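Using our numbering, you'd call the opening residue of the sequence shown number 20 and step up by one each time. No residue lacks a Cβ here, since even glycine has one placed at the ideal position from N, Cα and C. If you're wondering where the values come from, they're calculated on a predicted model, not measured in any experiment. So the structure is just underneath, and the comments pick up after that.
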Amino acid sequence: MEKEFLDNIIEIIENQDAVKLKIILDDMHPADIAELCDMLNVDDARLIYHQLDNETAADVLVEMDEDNRKRLLDELPSEVIAKKFIDNMETDDAVDIIQDLDEEKQEEVLAHIDDIEQASDIVDLMQYDEDSAGGLMATEMVVVNENMSMPECLQEMRKQAEDLDDIYNVYVVDDDGRLKGVFPLKKMITNPSVSKVKYVMDEDLISTRVETPIDEVVQLIEKYNLVSVPVIDSIGRLQGQITVDDVIDELREQQEHDYQMASGLTGYVEPADSVFRQMWSRVPWLLIGIFGGILNSKLLEHFESSFAAFTSLLFFIPLIGGTGGNVGTQSSALVVQGLANGSLNTSNILRQVFKESAVALMNAIALSLLVFVYNVFAFGLADPVTYAVPITMFILVIVATLWGTLLPLLFEKINIDPAIATGPFVQIGNDLLGMNIYMVVITMLIY
Numbered sequence: 020m021e022k023e024f025l026d027n028i029i030e031i032i033e034n035q036d037a038v039k040l041k042i043i044l045d046d047m048h049p050a051d052i053a054e055l056c057d058m059l060n061v062d063d064a065r066l067i068y069h070q071l072d073n074e075t076a077a078d079v080l081v082e083m084d085e086d087n088r089k090r091l092l093d094e095l096p097s098e099v100i101a102k103k104f105i106d107n108m109e110t111d112d113a114v115d116i117i118q119d120l121d122e123e124k125q126e127e128v129l130a131h132i133d134d135i136e137q138a139s140d141i142v143d144l145m146q147y148d149e150d151s152a153g154g155l156m157a158t159e160m161v162v163v164n165e166n167m168s169m170p171e172c173l174q175e176m177r178k179q180a181e182d183l184d185d186i187y188n189v190y191v192v193d194d195d196g197r198l199k200g201v202f203p204l205k206k207m208i209t210n211p212s213v214s215k216v217k218y219v220m221d222e223d224l225i226s227t228r229v230e231t232p233i234d235e236v237v238q239l240i241e242k243y244n245l246v247s248v249p250v251i252d253s254i255g256r257l258q259g260q261i262t263v264d265d266v267i268d269e270l271r272e273q274q275e276h277d278y279q280m281a282s283g284l285t286g287y288v289e290p291a292d293s294v295f296r297q298m299w300s301r302v303p304w305l306l307i308g309i310f311g312g313i314l315n316s317k318l319l320e321h322f323e324s325s326f327a328a329f330t331s332l333l334f335f336i337p338l339i340g341g342t343g344g345n346v347g348t349q350s351s352a353l354v355v356q357g358l359a360n361g362s363l364n365t366s367n368i369l370r371q372v373f374k375e376s377a378v379a380l381m382n383a384i385a386l387s388l389l390v391f392v393y394n395v396f397a398f399g400l401a402d403p404v405t406y407a408v409p410i411t412m413f414i415l416v417i418v419a420t421l422w423g424t425l426l427p428l429l430f431e432k433i434n435i436d437p438a439i440a441t442g443p444f445v446q447i448g449n450d451l452l453g454m455n456i457y458m459v460v461i462t463m464l465i466y
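Take a look at the structure:
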């Protein structure tokens, strides 16, 4: 958002020109208004909301940054939150908003919701794990019975569609609410005289269970290019649907989380989080890094005499450490990506290990030969350094590749987020491995 536009909005707010402010807001998309509110203080953002109709205000609130949204909600009465926002949201968005509130305010907001059925749906959804399909789904959808005639089906679809912003699919259920299929709208045009829905519905339908982890739902929608996926309970009753826009939001959050984990943060943080929270998210890996550095320094102490006799050995310590870390991180990144998108599983892990080993062997030969040629010109054939560094490089590239490949697989096996393995864990481990290999090679060549 341009600074000139933002300054203009702030000036209008300071002048309390509500008419001019409303004219500008009426031409803006809810996502753009949300971006504007994120850049304003709470009081100015609240004034923006006063100029919006309830439906637009609800859309804007959903699009706002989570921390800024929470600060705004803390300033608003429970009745306003319920009437202006929750009443105009789909249930999945409403659950996200309500869960941002403290427990007491949650109860107050729910008590002010006029639509008892909506309030009941929200309470039901809040019982699901937020990282499951049940915690992500919405209950708003078009549902018809398999025994309906075509005219009845059309009438029911029109009735339900009045309360929906978007229609992705029309789901077909039996008398007990169990999902039976999806109603293809094309059939309504091409077969308008068919007696019942069940004779034209498509039974080849992909669905998911309420307890399915979100990352599996993301993989499902991505694999089959779905715009929505129905969610069923343990006995097949239709509970809701997850749409592609919800998945995109979740996918973005997962990518941000994985990026932070790979960068050495122990928990998901936002730029707006407090200094104390951000500090504690970084300190653990920094302390582990210090511990690894101390171990390396103690290791090097035992070879002081070797370094004194061949000072050129010291020049290659950064090269050894950097190469090991880079090689390991590259391998672990590929494995973590494969685990995240489902392309890597127990059936092809061995093949991935063999492939990484082959790549490591080729890289090891290329890098060690390059260093050897350099050392020949720099130190000559008689200097042990000429041989110690390329031999170390050859062994380290292979070992670091296997370390970076197997570590995230191990973490996945013991239910630890494998994204951790792409960051400091690999770097610290390969630093120690690299120095140990270097020292062993030096000992064998010199002594």
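Just to confirm before moving on: does the CB-CB distance between residue i and residue j stay below 8 Å?
| i | j | result |
| --- | --- | --- |
| Lys-22 | Ile-31 | no |
| Ala-157 | Gly-312 | no |
| Ile-233 | Asp-150 | yes |
| Val-81 | Met-58 | no |
| Pro-403 | Ser-387 | no |
| Leu-426 | Thr-342 | no |
| Ser-350 | Thr-420 | yes |
| Leu-380 | Ile-417 | yes |
| Leu-91 | Arg-65 | yes |
| Val-250 | Ala-152 | yes |
| Asp-252 | Val-229 | yes |
| Thr-227 | Val-248 | yes |
| Thr-348 | Gln-446 | yes |
| Glu-222 | Gly-200 | yes |
| Asp-148 | Asp-106 | no |
| Thr-424 | Val-346 | no |
| Leu-144 | Val-163 | no |
| Val-179 | Val-161 | One detail in the question is off: residue 179 reads as Gln in this sequence, not Val. Yes. Within cutoff. |
| Ser-97 | Glu-74 | no |
| Val-219 | Leu-204 | no |
| Leu-198 | Leu-257 | yes |
| Thr-110 | Tyr-187 | no |
| Ile-117 | Gln-125 | yes |
Between which two residues does the beta strand (DSSP E) harbouring residue i extend?
| i | result |
| --- | --- |
| Lys-199 | 198-201 |
Have a look at the DSSP bridge pairing and note the partners of residue i.
| i | result |
| --- | --- |
| Ala-64 | The partner list for Ala-64 (beta bridge, DSSP) is empty, contrary to what the question assumes. |
| Val-99 | According to DSSP, Val-99 bridges with nothing at all. |
| Ser-350 | BP columns for Ser-350 are empty, so no partner. |
| Leu-257 | Ile-251 |
| Arg-228 | Ile-251 |
| Thr-262 | Ser-247 |
Suppose you measure from the CA of residue i to the CA of residue j; what does that come to, to the nearest Å?
| i | j | result |
| --- | --- | --- |
| Ser-214 | Ile-208 | 14 Å |
| Phe-413 | Glu-431 | 28 Å |
| Val-142 | Glu-175 | 26 Å |
| Arg-177 | Val-191 | 15 Å |
| Tyr-406 | Met-83 | 59 Å |
| Val-99 | Trp-422 | 55 Å |
| Lys-102 | Glu-33 | 27 Å |
| Asp-62 | Asn-367 | 56 Å |
| Ile-67 | Arg-88 | 13 Å |
| Glu-94 | Leu-183 | 30 Å |
| Leu-353 | Phe-202 | 40 Å |
| Val-390 | Asn-315 | 23 Å |
| Glu-159 | Leu-239 | 21 Å |
| Asp-78 | Ala-377 | 52 Å |
| Ala-327 | Asn-434 | 47 Å |
| Ala-383 | Thr-411 | 10 Å |
| Gly-344 | Gly-453 | 9 Å |
| Asp-194 | Glu-165 | 8 Å |
| Leu-400 | Asn-394 | 8 Å |
| Gly-450 | Ile-336 | In the sequence on display, residue 450 carries Asp and not Gly. Near 10 Å, if we compare the C-alpha coordinates of Ile-336 and Asp-450. |
Can you give me the start and stop residues for the alpha helix (DSSP H) that residue i sits inside?
| i | result |
| --- | --- |
| Gln-125 | 122-130 |
| Ile-435 | Per DSSP, Ile-435 belongs to no alpha helix (DSSP H) and is neither H nor E. |
| Asp-223 | No alpha helix (DSSP H) contains Asp-223, which DSSP labels as neither H nor E. |
| Lys-217 | Element bounds for Lys-217: n/a, residue is neither H nor E. |
| Glu-33 | 22-33 |
| Leu-44 | 37-45 |
| Ile-105 | Ile-105 -> no alpha helix (DSSP H), and no H or E assigned at all. |
| Glu-85 | 85-94 |
| Asp-112 | 110-117 |
| Leu-55 | 49-58 |
| Leu-80 | 73-82 |
Using a Cβ cut-off of 8 Å (strictly closer), state whether residue i contacts chain C.
| i | result |
| --- | --- |
| Leu-428 | Among the protein chains of the structure shown there is no chain C, as only one such chain exists. |
- Message: Quick check for students: name the residue ranges of the alpha helix (DSSP H) that lie wholly in the stretch 138-209, counting only runs of 4 or more.
- Response: 152-155, 169-180 and 204-209
Report the start-end ranges of each alpha helix (DSSP H) in the stretch 359-423 that is 4 residues or longer and not cut off at the edges.
368-398
| Residue ranges of each alpha helix (DSSP H) run of no fewer than 4 residues wholly in the stretch 305-334, ordered along the chain? | Complete alpha helix (DSSP H) runs here, min 4: 323-328.
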